[in-house]
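Okay, so here's the structure we're looking at.
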Amino acid sequence: MDLHHFSLRQLREGLHNKNFSARELTETLLQRIHTLNPQLNAFITVAEATALASAAEADARLAKGESGPLLGLPMAHKDIFCTADLPTTCASKMLENFVAPYSATVVERLAAAGMVMLGKLNMDEFAMGSSNETSYFGPVHNPWNVDMVPGGSSGGSAAAVAAGLVPVATGTDTGGSIRQPAALCGITGIKPTYGRVSRFGMIAFASSLDQGGPMARSAEDCALLLDAMAAHDPRDSTSHPAAASDFLRGLDRPLQGLRVGVPEEFFGEGLDPEVAAAVQAGIDQLAKLGASVQSIRLPNNPHAVSTYYVLAPAEASSNLSRFDGVRYTHRSHAVENLDDLYRKSRYEGFGAEVRRRILVGAYVLSAGYYDAYYLKAQQVRSLIREDFRRAFAEVDVIVGPTTPGPAFGLGAKNADPVSMYLADIYTIAVNLAGIPALSMPCGFTRSGLPIGMQLMGDYFADDLLLNVAHRYQQETDWHLARPNLQTGEA
Amino acid sequence: MAFDQDAVRRTAHLARIALPQEEVPAVAGQLEKIMALVEELRAIPTEGVIPMAHPLDLEQALRPDLVANQDARQRLMANAPAAEHGLFLVPKVIE
Amino acid sequence: MDWEVVIGLEVHAQLNTATKIFCGCSTAFGAEPNSHTCPVCLAMPGALPVLNAAAVDKAIALGLAIGAQLNRKSIFARKNYFYPDLPKGYQISQYELPVVGRGQLTVQMGDGIEKVIGVTRAHLEEDAGKSLHEAFVGQSGIDLNRAGTPLLEIVSEPDMRSSAEAVAYLKKLHALVRYLEICDGNMQEGSFRCDANVSLRRPGAPFGTRAEIKNLNSFRFLEKAIEYEILRQKDILESGGSIVQETRLYDANRDETRSMRSKEEANDYRYFPDPDLLPLVLDEARIEKVRQGLPELPDAKRERFMQQYQLSAYDAGVLTAGRDLADYYEVVADGVEGKLAANWVMGDLLGALNKAGVEIQDCPVPAEKLRLLVQRIEDKTISGKIAKDIFEEIFHQGGEVDAIIDSRGLRQITDVAAIAAMVDAIIAANPQQVAGFRAGKDKLLGFFVGQVMKASQGKANPDQVNALLLERLQKAD
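Chains as they are written, first to last, in the working numbering: chain A, 1 to 490; chain B, 491 to 585; chain C, 586 to 1062.
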């Protein structure tokens, strides 16, 4: 039984038919994590004891006849979600020893649904990065080729799901951090509409852009997880009153009459031809399923990266001020006065990329530059949203590549931060607008690396994106391909 | 505009990051590149465009004025690098 | 040529909500350090602010009371700086769009002149925690119980031209927040704090460079700090120097202001809209509900007191300066003559409170008791003089008005025959003075009245004594 390849639906059936217990399922996956994590470095913390305890609890509930859709099913959290009584590091030395006295709303919700959390997943430090190489706990390796990056910042989540360490995981997406690693690891991930998933207890990078979401091996599993994650949360002022929805009901709707828009700006210079071809084939597949395809324009999309690299660092520079060495973070030992306490603790606690973004953020907000950079970027953000508004008057879904190229080699883009930033060129505009977008596998390069196709929808069209992806996955098997990992087992 | 070494030092002070002098030139070079990336914004015509602070066109929700939290000091201060008598300790604050 | 002083005040009023502005922690003063904290006010990772409705309503109340424009949409912004008592590394405040816009406050100066002081704005923000320096060597202890307590910062126009005007404005604002019950006004505990911007200029010239004086936690300190600052700036300007724009701290022990250069160093607060909070939108229903709940405000109450109790503008002004005093007066005046009640409250009562250093809300004589005492004067049970003695006794030792009157036999003598007997006895005993009076020395009447009152131990009704004396003395024998 290859439990590690099962979908949530298959696992649930297995539990209900008593083919295996939640405890056996948990033990199987913990064993697989022990075997494979040394190659992948996807987990920062493996929560063996608490996982086994929740599995036992789930078995007891199952025995009593309870039948929640996620009861007893395993998962893992990106280490950006606070978990009471377990370390939450955000992949930073700053929080190396931090144990939150509370759980994120998302963590509480999935625990209440009876899910068994196996541990905390590696990521780029404070979610700043596109390759998972900025983690204080070392880079994550791509399961399809361990010399390649898994993408970031939710690289641990993507690698763990792709490698079958967990069927599903949580991620967060500020500029592509769910979709880009999903594309590079050949899995499905959705960044929901801003306001769907509570940000309470999710360590903030850029508050107006951050959104948590599910990562899984199919759109259906994403829908199942998002169903439990999305809800209005009175503890988060930016949580939408209509955040909850039924993401499963419409999954099977036929795509007849679906209007698909293909933005010219997504197929210009810089796009890898293999990626372009695979995405084009994916679009053709949607047409075969009954969609009408038309070309559209998103004229301000080319400004998304520059807009993002003003706004996101600005918010981050302020959000990360609380990591100051006073109450719960790393504190430098070489402290002689208060100024030292701040400056040295923050220099030592933050990695180079985080420090860089803090500096950029502090700079664009500082006296004399606010109007030229911050305010200007907010205006361009309006223009980018307007582009989408106009487009969604004409089409239901916008389709394009998730990334300009497949997974790149570890260390390949470290010398120049800007070249790394361009890895998110197609994903960033979505966060600026706040609309939902999904990435799913649509092919492989000749060298065997997965390629992702991105679906973008209007506000609260998350269910439509899941529906399109699910129908696509009913007709294709890209999402069923599995990396060939050396487990040392028979 | 140039993100020179002075600007790096000034900004590092604002952000309270003790950047060692030997790192300043390299950081200045990287920040200069990032600022060159965002420089293109300046040329975009945005007259009359309302700045967008937030994706949601919603209003702030209000919370009823009811005490909801019990004393959890011990738990909340468990991560403190230095604490005594229920206080967080820092090097002397000079007023 | 003279200097004109220009003063603007920034007042931080702690709003007396039950919980903090962005979390459900209690705001009660004096708890164990850090026992009123939670992940939100300790700025733990992932914790988010949610706005307290009561803080918003209290800001609206202030806005309505000063006739201010209420901004239907206001924005919370982050003011970024590092300080150990500021856990997030930024203070959530309002910057470009405050909840309360332009309004005004009319102050009555001692000379009967009214002056209108403009209020530029009032905005909601959170208070910081406290750094404690005493208990530790080389270290400070941080208590974040106060962090997140709601503040309303009320900023005046630079409309005041003397320390007296500044004090009058601050007192009026202080009375107002207490009337509105939005702030306990306790200046010692820091619930009502004031910073003063002071500058000098030649009359008609543009504003001069200002100094901001912090830490003014009493009306007297405000006055003294401004007076000191005027002299300091005058000295500098007249010796050809120029004023440095800076923050200065008032040191009450030395009665001087001194520069806070340490805090000055190039503050760049990098304000930007807080992305964790959405625009605060005030709808008409919310404003109307607050309006319905507003108490009668000082100016309206003063007008009413003049009408209803036939008081002078001055008396009405004194009695309505504080809501507690006004309420006290109205209980006393309910059923007795207004002016008499005012004399008692403003004279004997305030005198005794002042001497004892007690606030009106802690007055040992309940208003109902003082009213009964005044009634006993009006119904001629006791004289005013006896009443003063009884008041003193009740103020210091307690007791009931009628019980004291009865047990000590203080009841006024109104029996004509008894008074007549005393009058006759006094006339008989003082033939010389009788002759003098009859020879035209009218002033001797006072001597006779005094003698009769003395003989009656103060209990004879003075009106009757007067009348009888005149009758007997003028009757030529």
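The beta carbon of each residue, even a glycine, is placed where N, CA and C say it ideally should be.
Close beta carbons around residue i, own chain, < 7 Å, minus the five adjacent residues each side
i	result
N569 of chain B	none
E849 of chain C	Confidence in E849 of chain C is poor, its pLDDT being 46 and thus under 50, which makes the residue's placement unreliable; the coordinate value appears in the next sentence. Result list for E849 of chain C: E831, T832, in chain order.
I872 of chain C	I645, L655
R61 of chain A	L71, G114
N467 of chain A	G250, L251, R253
Neighbour list for residue i in chain A, Cβ cutoff strictly below 8 Å
i	result
Q550 of chain B	S237
A1088 of chain C	Residue coverage of chain C in this structure runs from 586 to 1062, which leaves residue 1088 of chain C outside it and unanswerable.
L577 of chain B	Under the 8 Å cutoff, chain A gives no residues; its nearest Cβ is about 11 Å from L577 of chain B.
Beta-carbon proximity list for residue i, same chain, < 8 Å, skipping 5 on both sides
i	result
T842 of chain C	A796, I798, A810, Y813, E814, R817, R833, L834, Y835, D836
E742 of chain C	G593, I702, G703, V704, T705
F578 of chain B	M567, A570, A572
Same chain only: Cβ atoms within 6 Å of residue i, ignoring 5 sequence neighbours per side
i	result
P858 of chain C	I660, A662
G907 of chain C	A760
E589 of chain C	R786, P788
L298 of chain A	P263, E265, D387
P87 of chain A	T45, V99
K924 of chain C	none
Nearest candidate by alpha-carbon position, reference residue i, set the options
i	options	result
L184 of chain A	A:V46, A:G152, A:C90	A:G152
Q997 of chain C	C:I971, C:Q689, C:A1020, C:E915	C:I971
F200 of chain A	C:F976, C:K965, C:C608, C:R763	C:C608
V583 of chain B	C:H718, C:D933, C:G688, C:A790	C:H718
S492 of chain A	C:L865, C:Y854, C:V1008, C:E888	Residue 492 of chain A lies beyond the range of chain A shown here (1 to 490); nothing can be said about it.
S92 of chain A	A:F205, A:P273, A:A51	A:F205
N771 of chain C	C:G793, C:F804, C:E750	C:F804
R471 of chain A	A:A367, A:L375, A:Q256	A:Q256
K756 of chain C	C:M694, C:V783, C:F721	C:M694
A753 of chain C	C:V692, C:A952, C:P630	C:V692
Q877 of chain C	C:L627, C:C610, C:A650, C:N601	C:A650
L807 of chain C	C:E710, C:P669, C:G697, C:V783	C:V783
T403 of chain A	A:Q285, A:L271, A:A281, A:G349	A:L271
V943 of chain C	C:L910, C:V921, C:A1005	C:L910
R343 of chain A	C:L633, C:A640, C:Y668	C:Y668
A55 of chain A	A:D233, A:S21, A:K191, A:L8	A:S21
Under 7 Å by beta carbon: chain C residues contacting residue i
i	result
L365 of chain A	R855, F857
M117 of chain A	Within chain C, no residue comes near M117 of chain A; the closest Cβ sits about 17 Å away, beyond 7 Å.
Partner residues on chain C for residue i, Cβ-Cβ distance less than 8 Å
i	result
E574 of chain B	F721, G726
Y342 of chain A	F667
Closer than 8 Å at the beta carbon, the chain B residues around residue i
i	result
G695 of chain C	Ordered by position in chain B, no residue passes the 8 Å Cβ test against G695 of chain C, which lies about 36 Å from the chain.
S208 of chain A	A543, H544, P545
P417 of chain A	Q520, K523, I524
Residue i: contacting residues in chain A (beta-carbon distance under 7 Å)
i	result
K673 of chain C	S321, R322
CB contact flag (residue i, residue j, <8 Å)
i	j	result
L359 of chain A	E133 of chain A	no
L248 of chain A	D221 of chain A	no
A1040 of chain C	M1007 of chain C	yes
A461 of chain A	I384 of chain A	no
R553 of chain B	V635 of chain C	yes
S207 of chain A	E125 of chain A	no
V959 of chain C	V917 of chain C	yes
L600 of chain C	K664 of chain C	no
D712 of chain C	T734 of chain C	yes
V106 of chain A	T28 of chain A	no
Proximal residues of chain B, C-beta to C-beta of residue i below 7 Å
i	result
T307 of chain A	L531
S611 of chain C	V557
Chain A residues whose Cβ lies nearer than 9 Å to that of residue i
i	result
R563 of chain B	Residues of chain A passing the Cβ test: none, with the nearest at roughly 10 Å.
Problem set entry | Residues within the stretch 495 to 526 of chain B neighbouring chain A, beta-carbon criterion of under 9 Å | A497, V498, R500, T501, A502, H503, L504, A505, R506, I507, A508, L509, P510, E513, V517, Q520, L521, K523, I524, M525, A526
Exercise. Taking Cβ-Cβ distances below 8 Å as the criterion, which residues of the stretch 527 to 557 of chain B are in contact with chain A?
Worked result: L527, V528, E529, E530, L531, R532, I534, T536, V539, I540, P541, M542, A543, H544, P545, L546, L548, Q550, A551, R553
Exercise. Quick one, which residues of the stretch 179 to 198 of chain A are near chain B if we go by CB-CB under 9 Å, in chain order?
Worked result: T193, Y194, G195
For this session: Could you please tell me which residues of the stretch 641 to 668 of chain C, in chain order, have their CB closer than 8 Å to any CB of chain A?
Result: R663, N665, F667
Exercise. Taking Cβ-Cβ distances below 8 Å as the criterion, which residues of the stretch 86 to 109 of chain A are in contact with chain C?
Worked result: T88, C90, L95, F98, A100, P101, Y102, A104
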